[in-house]
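A.B. asks: Pasting in a structure now, in structure tokens, and then I'll have a few things to ask.
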Amino acid sequence: MAMNQVYFFKNFLKDRNVAAIAETSQSTIRKILRKIDFTKDLVVVEYGPGTGVCSLPVLARLSPNSRFIAIEANADFARQLRTVKDPRLTVVEGDARDIEAILKNLDLPAADIVISSIPFTFFPPATRRQLVASTASVINPGGAFLVYQYSPLMKGYLEEAFPKVRLSFSPLNIPAIFIMEARKTA
Ligand SMILES: C[S@@+](CC[C@H](N)C(=O)[O-])C[C@H]1O[C@@H](n2cnc3c(N)ncnc32)[C@H](O)[C@@H]1O
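Under the working numbering, the first residue of the sequence shown is numbered -1, with each subsequent residue one higher.
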């Protein structure tokens, strides 16, 4: 088992909001990243980066003038991500539910892509709806909210706030995972 997986599992035991026993597989991450046009300068936000299993491949593909804002509630994970020295990366130890205030504090008017793996299932319905609405409000036209989870639960909530939502499935993950792509009209 890779070092990061052991570290991830220890944090799962300490913090119920980590909500997964293992990091997402690289095969799933590649499926998610195919939905992003990396030829453009982008503002990318990630909710719940954990050990950076998705963040590092995103940084590897992002253009030099892009920005990447990682919002992580777990202090250990946030501290570990801060060891990644990349001028495009800003790590915020905080709650995804504060997305609007977080972007405002960073003087960023909007995001092109928001990626999320936080456990929406733990939130009550009103909080799920509120977070989807505030995320939709900060995404630029043509941009997308990419949600991956063990359940397709969020599809209906995403359809309330985005005109187009696509659901796909990644079986090469433990457990298998759903990927939801909610896109704003360009
Ligand atoms: C299922 S893990 C996914 C980690 C990693 N992105 C991956 O794909 O393996 C969920 C992550 O979301 C973080 N998290 C949970 N609730 C959060 C919230 N409200 N805001 C920001 N991060 C949160 C957890 O600490 C954890 O790192």
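Each residue gets a CB set at the ideal place from its N, CA and C atoms; glycine is no exception.
Cβ of arginine 95 versus every heavy atom of ligand 1: is any distance shorter than 7 angstroms?
C.D. replies: Flag set: Cβ of arginine 95 near ligand 1.
A.B. asks: Where does phenylalanine 120 land, buried or exposed, given buried means 16+ other C-beta within 10 angstroms?
C.D. replies: When all chains shown are included, phenylalanine 120 counts as exposed.
A.B. asks: Do cysteine 52 and isoleucine 69 have their beta-carbon atoms positioned less than 8 angstroms apart in this structure?
C.D. replies: No; because the gap between Cβ atoms is not below 8 angstroms, this pair is not in contact.
A.B. asks: For the structure I just gave you, are there three or more beta carbon pairs, one from the region 163 to 180 and one from the region 6 to 24, closer than 8 angstroms?
C.D. replies: Enough Cβ pairs lie closer than 8 angstroms, so yes.
A.B. asks: Mark methionine -1 as exposed unless 16 or more other C-beta atoms lie within 10 angstroms of its C-beta, in which case mark it buried.
C.D. replies: At methionine -1, the pLDDT of 49 sits below 50, so the modelled position is not reliable; the number obtained from the coordinates is stated separately. Exposed, by the Cβ-count rule.
A.B. asks: Can you tell me where the alpha helix (DSSP H) with phenylalanine 75 in it begins and where it stops?
C.D. replies: Looking at the DSSP string, the run of the alpha helix (DSSP H) that includes phenylalanine 75 is 73 to 79.
A.B. asks: How would you write the range of the alpha helix (DSSP H) that tyrosine 155 sits in, first residue to last?
C.D. replies: Start and end: 152 to 159.
A.B. asks: Less than 8 angstroms separating the beta-carbons of phenylalanine 36 and arginine 59?
C.D. replies: Yes, these two residues count as a Cβ contact at 8 angstroms.
A.B. asks: Using the DSSP secondary-structure output, state which residues sit across from leucine 144 in a beta bridge.
C.D. replies: Paired residues: Ile113, Glu179.
A.B. asks: What's the gap between the Cα of asparagine 2 and the Cα of glutamate 157?
C.D. replies: Looking at the two C-alpha atoms, the distance is approximately 35 angstroms.
A.B. asks: Confirm the yes/no value for this check: CB of valine 43, any heavy atom of ligand 1, distance under 7 angstroms.
C.D. replies: Incorrect: valine 43 has no Cβ contact closer than 7 angstroms to ligand 1.
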